[in-house]
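Reading through the structure tokens given below for one structure.
There are 10 protein chains.
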Amino acid sequence: MLKNIPPLLGPELLATLRAMGHGDEIVIADANFPAEFLGPQVHRADGISATDLLGAILTVMPLDDFVDQAAIGMAVVGDPHARQPIYDDFQQIITRHEPSMHFSTVERFAFYDRAKKAAAVVQSGETRLYGNILLKKGIIRPKS
Amino acid sequence: MLKNIPPLLGPELLATLRAMGHGDEIVIADANFPAEFLGPQVHRADGISATDLLGAILTVMPLDDFVDQAAIGMAVVGDPHARQPIYDDFQQIITRHEPSMHFSTVERFAFYDRAKKAAAVVQSGETRLYGNILLKKGIIRPKS
Amino acid sequence: MLKNIPPLLGPELLATLRAMGHGDEIVIADANFPAEFLGPQVHRADGISATDLLGAILTVMPLDDFVDQAAIGMAVVGDPHARQPIYDDFQQIITRHEPSMHFSTVERFAFYDRAKKAAAVVQSGETRLYGNILLKKGIIRPKS
Amino acid sequence: MLKNIPPLLGPELLATLRAMGHGDEIVIADANFPAEFLGPQVHRADGISATDLLGAILTVMPLDDFVDQAAIGMAVVGDPHARQPIYDDFQQIITRHEPSMHFSTVERFAFYDRAKKAAAVVQSGETRLYGNILLKKGIIRPKS
Amino acid sequence: MLKNIPPLLGPELLATLRAMGHGDEIVIADANFPAEFLGPQVHRADGISATDLLGAILTVMPLDDFVDQAAIGMAVVGDPHARQPIYDDFQQIITRHEPSMHFSTVERFAFYDRAKKAAAVVQSGETRLYGNILLKKGIIRPKS
Amino acid sequence: MLKNIPPLLGPELLATLRAMGHGDEIVIADANFPAEFLGPQVHRADGISATDLLGAILTVMPLDDFVDQAAIGMAVVGDPHARQPIYDDFQQIITRHEPSMHFSTVERFAFYDRAKKAAAVVQSGETRLYGNILLKKGIIRPKS
Amino acid sequence: MLKNIPPLLGPELLATLRAMGHGDEIVIADANFPAEFLGPQVHRADGISATDLLGAILTVMPLDDFVDQAAIGMAVVGDPHARQPIYDDFQQIITRHEPSMHFSTVERFAFYDRAKKAAAVVQSGETRLYGNILLKKGIIRPKS
Amino acid sequence: MLKNIPPLLGPELLATLRAMGHGDEIVIADANFPAEFLGPQVHRADGISATDLLGAILTVMPLDDFVDQAAIGMAVVGDPHARQPIYDDFQQIITRHEPSMHFSTVERFAFYDRAKKAAAVVQSGETRLYGNILLKKGIIRPKS
Amino acid sequence: MLKNIPPLLGPELLATLRAMGHGDEIVIADANFPAEFLGPQVHRADGISATDLLGAILTVMPLDDFVDQAAIGMAVVGDPHARQPIYDDFQQIITRHEPSMHFSTVERFAFYDRAKKAAAVVQSGETRLYGNILLKKGIIRPKS
Amino acid sequence: MLKNIPPLLGPELLATLRAMGHGDEIVIADANFPAEFLGPQVHRADGISATDLLGAILTVMPLDDFVDQAAIGMAVVGDPHARQPIYDDFQQIITRHEPSMHFSTVERFAFYDRAKKAAAVVQSGETRLYGNILLKKGIIRPKS
């Protein structure tokens, strides 16, 4: 373990987050998400909820404020405006780390297509419905 | 995820447990344990307690009833008969899965030497003191 | 071997089943099926029948109840409505594990095309005609 | 599958048997044998009995008639002259393929030490007690 | 070496033949054939004639009787109906192993295109003209 | 880059620091140190001073307070009590992160022997004399 | 370190520069640039400025004088004729090594597309805005 | 070194030449040629002239007499009929080994496209202008 | 194939012979020799006699004239002075290539020990008794 | 090629020289030296003399002035004080780059033992007798 770095972030996940650059994307997937054969590298986080992982990742990784949607979930199939309970949890965690950022959703297959191009997928142990979120990395600005 | 298999057991850990044979050993290590450079393969379980992992593993893996000590922790340094709170948790979980088995401890460096020869080490997120346990796999007997 | 896990499922096959997610597919192929050079990873099960493997896999892997066809065999060439004896065996095993699921078939070359996109192929020792079956993995729902 | 070659022998096992030379040894291990972390390469044969594998292997592989013991099992622990039922099965299969050869046994730890130096271990699904046998490869003599 | 298996078939070639399934193809190429950079894996058989290899392979591998052309050579360039002496040798060996099968030829570039999709190429030491043959694997039928 | 993590720590070095456990050691070596062929993995940090790296590493990695010497340099050859200017810089940085820790030195060849057993070596661009330091990782204690 | 070779150029970067030929391109990227998942190999230079790297690389690598643009930065988004302070620093360093060469810029996405086809990307620690530069390698002419 | 084999041909280059078949191509490239990132495997021959390599290769490798152009250089850019001094050297060496063969040239980008599909590129130390040549391998005919 | 190089020498064997230096040894082993699990790399030459291989290898590889024994066979077990027919064949081939060299033999286990330290083993198809020979490579002297 | 770096030093050799540290050793071996199976990595320089390589390497690599012998050849076998012509060539090149350094020799087998522990061996095309030299790398001192 390291000082000031959330212990949920193991060596490989930490290396991936550090190696990602501006605009690269990472997916936190729920326990049933078909991650292994999707394409990107998979970091396993069996037994860990998607919300705990989101909190840990946002502690170190900035979101991209160059785009409107930097934290994207999957819309409810057949009811794109419906709210899932986990959406509010996602939004609260995002607000804590990036007060001006908003959680949004995209249609299910658009989500899959984007996940295929992500830098990595973290397969969590999340069992709640719609427990997937894609994060777009922002930049660290130079200290003036 | 699979039916009737604890979700804490991811693909690689499950494969290791399945591949182990009679007398092979696996270590559940705490979050500060020096696992990576020890020798055996390491399965990471960041954020998961050693006790949760013990319960998950004993759900599928039998302990070795050919030997007296098949679930071994690390004795308190300098006070080999002292009890740590986590010892009792370990014993309760063992008793639930293997009623006749007893948790025991060995001296710290004997524990390290044995861990070096284990089939694998699971690096948990356990932060409690003395949160390490080595398990010796038993056999599945033919149904009569 | 492990407790409560069918011994036919070896380490690598178990890991593949565990790693598969919602909608990923696995093929149980007969002994003459051209699996090795098809594309997906191959798990060998020489000497084991397709029906024994089907029973072992369905013991741990749920079928996908989001789609109509989650257990698909190959239709008889030139006689798509003909029944093969092994079809009934397949259906019986499916019914035992997933009472509401139905075995169906697709045309031979559609079967091949789908197998190419499967997560894995298990090459069994099945010698009966039309002894191939493709399975689509379902989800484990959270316990309420 | 191939003509005149027992279908139990898959591609990798067949290659190992073919590559072995005079005096090289292979172990057929039972389902609980600790094969994976022993050292030699492991061929899995989950679900197949040790006796079926013995028959398949002896169909193609000659035993070494330069030594007295070319088919060796594990002696009963604590009772080295006791007979196990599977010993007789092993002997019958050996007699069918190599009429002048005799099954013998060595003490348990001598068996382990020899297995560590074997060319390969076949992990069978054998669940009967003492279902392990080590085979020493002989030569194919030139046709006169 | 193994009993009843032609010694020309070394470990890797034997494994390839065993792993091939119904419809997979293998090419026996002459010594000048551009095999190495073609695509499929290459088994070298320097110094061995194409006809000896054909005899060895057909001893264990059935040809595909579901298609009309399962043993295909390269037609003489510019004279597609011309007979090469090695064609007759090929046909004799085929007839010995598969009495009802006929050797046929395809145009040179059609041969190359098919070779690119073969499971493997065996580069022989054949120096006779048109000493190439592509074989399509058949099935082993269950014993009734 | 990541929030609150010194940018000098790239993906692989960060992963190594995270994977190290209690008692594992890492060496910051100067630009002439023979690191590449020593044994441990090497992280290159060409152009970066040893003192900047020390500061970056101690920002995230605790030193081992179970031992007396957790930050060890190389003693001046032939004059083991001599002070090098860089020693004071090392001590100041250590004091800032671990107020109770003291920089010490060991004889040159003892330093080499220990470096061979380190988890990793960071090859810096340090050109000052005696610009090497070995760090022993401590633990993160649970929050009470 | 080596004589007359800038110490910022470590072993792998030096090998890449040496292996590049006429017209191959290398990118010096700033600390936020998404290099890792772009395609080309990445050399890390955490903590080093883009200008220091540019000076070190141009000390050994000639620019391509067969084309008009051999040192290309990224134009300011939305204001393609705007000057960034780092542009002048780039030009000064270029002028020192290649007096007749001019720094130019291309539009952001044209820069990304070209970087994807580069031989390598050096990920620097540059934090200034628009701190990226792509270099096209020239030739060493024979001494007359 | 070996008897009767030019010592310029090291182990890997010799293996490549031996493995190439009828019609496969190899490029001898000059010291500035962009070989490393082109695609084909690269054999380095730093310090060796293209003409010495040509002589060594033609000592063992026949050129293809089925085509009109089996030894092809790069035409002068903008002046396709101009002669370069090295062309005459190439022709003399070719004439010595293959009396009836003629050196020809193709336009620069046609040369690059063909080099991308070559079996290998030998990167020589040639510094003369237009010191590149592509060779198409011929066959060894059976001794009558 | 290449000009003036015996076609029995394929790409990998040719590379090994070329890479061997003064005093390195290579073994031509018979078809029953336990080569695969001995240690050195194995080149397969199924179907080729040991004498044909010896002739091919000595065409390109000089024997070591710094030692008394550079071509060594295995002495008959129990009768170290007995002559085997193949010994004379070996001697004739050696005499043809290296007129002053003599074939000698060493005791069986001394042969095995030396084979373990050889650069490589060529597994031939030789079926004659005592068809093994170890060759020690000599040097190519500079042309005066 | 690169500016001011001898073109004989290709990418991999340059990387090795750059990665070596104080006291690491590299061997320039003649064309008959048994390098490939010795242990260290081998860089091939077929066709290049040992003296040209020595000159190229000493252009960039400092010799170790902490020891008495940093450039060591092999003494004449049986006549340890004899001078070989190439010794004088070696000394002249050394003197040009390191005026105060002296070429020395060690006994043949001491040379072999040291070569086994070297960082790398460069296999040159040197054909002169005793054309081997081992170089011990020195340091680059900070500019005062």
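Those sequence lines, one after another, are chains A, B, C, D, E, F, G, H, I and J.
Numbering follows the working numbering, with no gaps: position 87 of the first sequence is 103.
Numbering follows the working numbering, with no gaps: position 78 of the second sequence is 94.
Numbering follows the working numbering, with no gaps: position 30 of the third sequence is 46.
Numbering follows the working numbering, with no gaps: position 37 of the fourth sequence is 53.
Numbering follows the working numbering, with no gaps: position 122 of the fifth sequence is 138.
Numbering follows the working numbering, with no gaps: position 64 of the sixth sequence is 80.
Numbering follows the working numbering, with no gaps: position 96 of the seventh sequence is 112.
Numbering follows the working numbering, with no gaps: position 73 of the eighth sequence is 89.
Numbering follows the working numbering, with no gaps: position 138 of the ninth sequence is 154.
Numbering follows the working numbering, with no gaps: position 8 of the tenth sequence is 24.
The C-beta atom is built at its ideal place from N, Cα and C for all residues, glycine as well.
Model, not experiment: these values are computed from the prediction.
Exercise. Run through DSSP, which three-state label would Ile73 of chain F get?
Worked result: helix
Problem set entry | Under 8 angstroms by beta carbon: chain M residues contacting Gly39 of chain C | No chain M appears in this structure, whose protein chains are A, B, C, D, E, F, G, H, I and J.
Problem set entry | In DSSP terms, what Val137 of chain F is bridged to | F:Val43 and F:Val58
Problem set entry | Per-residue contacts from Pro27 of chain B into chain C (C-beta, under 7 angstroms) | Ala31, Arg34 and Ala35
Exercise. Hey, quick one: how far does the beta strand (DSSP E) through Thr121 of chain A stretch, first residue to last?
Worked result: Ser120 to Val122
For this session: Taking C-beta pairs closer than 7 angstroms, name the residues in chain J that Ile64 of chain H reaches, listed in chain order.
Result: Gly63
For this session: Compute the beta-carbon to beta-carbon distance between Glu52 of chain D and Met36 of chain B, rounded to the nearest angstrom, for a pair I have assumed lies under 8 angstroms.
Result: 7 angstroms
For this session: Consider the Cβ of Pro23 of chain H: report whether some Cβ of chain J lies at a distance smaller than 8 angstroms.
Result: yes
Problem set entry | Those runs of the beta strand (DSSP E) which lie wholly inside the segment 85-110 of chain F and span at least 3 residues | 87-90
Exercise. Looking only at C-alpha atoms, which of C:Arg130, C:Pro115 and C:His59 sits nearest to Thr121 of chain C?
Worked result: C:Arg130
Exercise. How would you call Arg112 of chain D, buried or exposed, if buried means at least 16 neighbouring beta carbons within 10 angstroms?
Worked result: exposed
For this session: Pull out every residue of the segment 72-96 of chain A whose Cβ sits closer than 8 angstroms to any Cβ of chain F, in chain order.
Result: Thr75, Val76, Met77 and Pro78
Problem set entry | Neighbourhood of Glu28 of chain F by C-beta, 8 angstroms cutoff - its chain only, sequence neighbours within 5 removed | His59
Exercise. Just by C-beta distance, which residues in the segment 127-156 of chain D are closer than 7 angstroms to chain C?
Worked result: Gly141
Problem set entry | Three-way DSSP call (helix, strand, coil) for Lys159 of chain J in this model | coil
Problem set entry | Cβ-based burial, Val76 of chain G [other Cβ within 10 Å; buried from 16] | buried
For this session: Using the Cα positions of Asn48 of chain H and Leu145 of chain H, report the straight-line distance between them to the nearest angstrom.
Result: 10 angstroms
Exercise. Can you list, in chain order, the residues of its chain whose CB lies under 6 angstroms from that of Met17 of chain A, leaving out five sequence neighbours each side?
Worked result: Pro23
Exercise. Does DSSP put Leu24 of chain C in a helix, in a strand, or in coil?
Worked result: coil
Problem set entry | Per DSSP, the bridge partner or partners of Lys152 of chain F | F:Glu41
For this session: Inspect the CB distances between the segment 148-155 of chain D and the segment 84-103 of chain D and report whether three or more fall short of 8 angstroms.
Result: yes
Exercise. Hey, is Phe53 of chain A's beta-carbon within less than 8 angstroms of any beta-carbon in chain C?
Worked result: yes
For this session: Sort out for me which residues DSSP pairs Leu145 of chain H with in a bridge.
Result: Partner(s): none; Leu145 of chain H has no beta bridge.
Exercise. Are the C-beta of Ala45 of chain A and some C-beta of chain B separated by less than 8 angstroms?
Worked result: no
For this session: Might you give, ordered along the chain, the residues of its own chain that have their beta carbon closer than 7 angstroms to the beta carbon of Gln100 of chain A, omitting 5 neighbours on each side?
Result: Val92, Leu145 and Tyr146
Problem set entry | Inter-residue Cα distance where the pair is Asp40 of chain D and Ala31 of chain E | 19 angstroms
Exercise. Got a sec: is the Cβ-Cβ distance from Asp105 of chain I to anything in chain E below 8 angstroms?
Worked result: no
Exercise. Does the Cβ of Gly63 of chain F have 16 or more other Cβ atoms within 10 Å, making it buried, or fewer, making it exposed?
Worked result: buried
Exercise. Got a sec? Which residues, its chain only, sit under 6 angstroms from His38 of chain D by beta carbon, not counting five neighbours each side?
Worked result: Ile155
For this session: Tell me, to the nearest whole angstrom, how far the beta carbon of Glu136 of chain H is from that of Ile42 of chain H; I am working on the premise that it is less than 8 angstroms.
Result: Note on residue identity: the sequence assigns Ala, not Glu, to residue 136 of chain H. Right, their Cβ atoms sit about 5 angstroms apart.
For this session: Report all residues from its chain with a CB closer than 8 angstroms to the CB of Ile110 of chain G; omit the five preceding and five following residues, and keep chain order.
Result: Leu70, Leu74, Leu79, Ala87, Met117, His118 and Phe119
Exercise. To the nearest angstrom, how far is it from the Cα of Lys133 of chain G to the Cα of Gly55 of chain A?
Worked result: 21 angstroms
Exercise. Hey, does Pro101 of chain D have any beta-carbon neighbour from chain I nearer than 8 angstroms?
Worked result: no
Exercise. What is the DSSP secondary structure of Leu33 of chain E, reduced to helix, strand or coil?
Worked result: helix
Exercise. Do you know how far the Cα of Gln107 of chain A is from the Cα of Ala98 of chain A?
Worked result: 15 angstroms
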